[in-house]
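Undergrad:
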Amino acid sequence: ATIISDYFEDESPIWVPIDKPREYKFRITLKPDYVLDEEQYIDGLQLGPSLEYVKRWAPEDWPLAFWDRIHLLPSRDFKLIEDEMKRAKKQRQPS
């Protein structure tokens with residue numbers, strides 16, 4: 001996704017929290033660069049071992065790598081995910 005706005009404040013709820021309510025009032029507007037259809041989804045369990053970012057966790061704990069707040073991925077990981085999305089979008093066009 002590409003950021004297409006400056007940050008702004010908005011206190012309206014984004015989603016219904018599962019546990020305790022959290023306030024996410026600092027926001028930005030995004031434009032999706034690649035949107036995959038369900039049949040084009042990438043298997044995270046296959047891609048995960050190639051990502052530098054998740055190597056801090058044992059494979060069974062990988063979901064922790066993406067839990068809660070926005071995470072900054074290493075450039076190499078971002079490029080790998082983006083390339084996989086481009087490939088999936090190109091190879092598996094919906095019928």
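The C-terminal residue of the sequence shown carries number 95 in my numbering, and the numbering is unbroken. For each residue, glycine too, the CB sits at the ideal point set by N, CA and C.
Which runs of the alpha helix (DSSP H) fall wholly inside the stretch 1 to 86 and span at least 4 residues, in chain order?
TA: Runs of the alpha helix (DSSP H) inside the stretch 1 to 86: 44 to 47.
Undergrad: Ignore the nearest five residues each way along the sequence and tell me which others in Arg76's own chain have a CB closer than 8 Å to its CB.
TA: Excluding positions up to five away in sequence, the list reads Glu52.
Undergrad: Among residues of its own chain, excluding the 5 on either side of Pro32, which ones have a beta-carbon nearer than 7 Å to its beta-carbon?
TA: Result list for Pro32: Ala1, in chain order.
Undergrad: To the nearest angstrom, report how far apart Pro17 and Ile42 are at their CA atoms.
TA: Their backbone Cα atoms lie some 27 Å apart in a straight line.
Undergrad: Around the C-beta of Val54, are 16 or more other C-beta atoms found within 10 angstroms, so that it is buried, or is it exposed?
TA: Classification of Val54: buried, given that the 10 Å Cβ count is 16 or more.
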